[in-house]
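**Student:** In case it helps, my numbering puts the sequence shown at residues 92 to 330.
No residue lacks a Cβ here, since even glycine has one placed at the ideal position from N, Cα and C.
Since the model is a prediction, treat every value here as computed from it, not as a measurement.
Just dropping this structure here.
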Amino acid sequence: MENAITIFQMSGVGIAYSFRFAVDDLTLDLKKGASLGLLGLNGAGKTSTIRSLLGMLKPRRGTISVLGDKPGKVRNFFRIGFAPEDGLPPDYLTGEEYLNFVGSLKIKSRNDRKAEVKALLDWFELSPKKRISEYSKGMQRKLILAQGFLGTPEFLILDEPLNGLDPIFILRLRQKLEDYLKAGGTYLLSSHILAEVEKTCHDVAILHEGKLVSRDTVENLTREFGSVENAFAKKIGKS
C-alpha cells in the first residue's frame, strides 16, 4: 500500500483546551483502502482527534489534511461519512424522514436517494414509518450508523459504533465494513471493545494521555503480544 492515496495526514498536531493539551505532537496518517482502529482510555485524545479531522476543532499547532484539503471544507463533506458516539437524531421524525433529510445533503438524485434510504433501512432493520422517539436505544444507534453510510462516502469515521448493539448485529456490521473496504472505502474506528477492533481493523493506533504510543498492524501486535488487548495494556504501561 506504499503508493496508495493518502486519505488523511496529521503532522505534529497539538489540540488544546485552555492550557491543557488533549492531543500533543500527533503524527498519523491513513491510506485509501485501509482501516484504522483508534484506541485509548477515556481522555486519551480519541474524540479530539476525530473532531479535528472533521474540522470541528482547530489544532493549536501542526497541520492536518483530509482528502487533500483542510478539514471541514464543504467539498469534502460529501465524501466523508461520520457516525458520532453521542449522536441523537431528532426524535419527532421517522427513521425514513431523518435519512431522507441527511441524504438530501449528500445525494443529488431524488430516485437514487430514495433507493439508498430504503436499502439502508432494510439492512439496518429499521421501521421507516415509526417515529425515532419510539425507537429503542439500539435502533437509534443503528440509525446513526445508517446515516454514516449514506452517499457511499470515500472515508468513514465511526466513533464507538458498537455501543448498544447486540452480538449478532455486531457480526453483521463487521461484514458490512469488510464489504465497504472491498468496494474501495476507508475507515477510522474508535472503540473500547478491543477484541472487536482486532477483528475489524487492519491497523491500530494507541493514544495515551494525548500522545501516540503505538501504530502497528493488528497482525504484528497479535504476533508479538497474543492479542490487541494485551498489546494495548503493555503500550500504555498497565501490564
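1. From which residue to which residue does the beta strand (DSSP E) around Phe323 run?
2. Specify whether the region 189–208 and the region 270–280 touch according to this definition: at least 3 beta carbon pairs, one from each stretch, less than 8 Å apart.
3. Quick check on this structure: which residue in Gly159, Gly146, Ser126, Lys149 has the alpha carbon closest to the alpha carbon of Ile96?
4. Are the CB atoms of Gly239 and Leu212 within a distance shorter than 9 Å?
5. Does the Cβ of Ile141 have 16 or more other Cβ atoms within 10 Å, making it buried, or fewer, making it exposed?
6. Just to confirm, are Phe112 and Arg151 a CB contact at a threshold of 9 Å?
7. For Thr243, which of helix, strand or coil comes out of DSSP?
8. Inspect the CB distances between the region 281–299 and the region 201–210 and report whether three or more fall short of 8 Å.
9. Anyone know if the C-beta pair for Ile171 and Leu241 falls short of 9 Å?
10. Among Leu264, Ile155, Ser126, which one has its Cα closest to the Cα of Ser139?
11. Output needed for His293: all residues of its chain with C-beta closer than 7 Å, excluding positions within five of it in sequence on either side, in chain order.
12. Between Pro258, Leu130, Glu315, Ala324, which has its C-alpha nearest Ala296's C-alpha?
13. I'd like the list of long-range same chain contacts for Leu272, defined as Cβ closer than 7 Å, with 5 residues on each side in sequence excluded.
**Tutor:** So, from the data block:
1. To locate residue 323, count along the sequence shown from 1; it is residue 232. Not the beta strand (DSSP E): Phe323 falls in the alpha helix (DSSP H), residues 319–326.
2. no
3. In the sequence shown, residue 96 corresponds to position 5, counting from 1. Minimum Cα distance to Ile96 is reached at Gly159.
4. In the sequence shown, counting from the first residue as 1, residue 212 sits at position 121. In the sequence shown, counting from the first residue as 1, residue 239 sits at position 148. Cβ atoms of Leu212 and Gly239: not closer than 9 Å.
5. Counting from 1 along the sequence shown, the entry for residue 141 is found at position 50. Counting Cβ neighbours within 10 Å, Ile141 comes out buried, since at least 16 surround it.
6. As a working note, residue 112 is residue 21 in the sequence shown. As a working note, residue 151 is residue 60 in the sequence shown. Yes; because the gap between Cβ atoms is below 9 Å, this pair is in contact.
7. For the purposes of this step, residue 243 is taken as residue 152 along the sequence shown, with counting starting at 1. Coil, per DSSP.
8. no
9. Position 80 of the sequence shown holds residue 171. Position 150 of the sequence shown holds residue 241. No, the pair does not count as a contact, with Cβ atoms beyond the cut-off.
10. Counting from one through the sequence shown, the residue named residue 139 turns up at place 48. Comparing Cα positions, the closest option is Ile155.
11. Locating residue 293 in the sequence shown gives position 202, where the first residue counts as 1. Correct list, in chain order: Ala125, Ser126, Thr308, Val309.
12. Reading the sequence shown from its first residue, position 205 is the one you call residue 296. The shortest C-alpha separation from Ala296 is found at Leu130.
13. On the sequence shown, residue 272 is found 181 positions in, with the first residue counted as 1. Same-chain partners within the cutoff: Gly124, Ser126.
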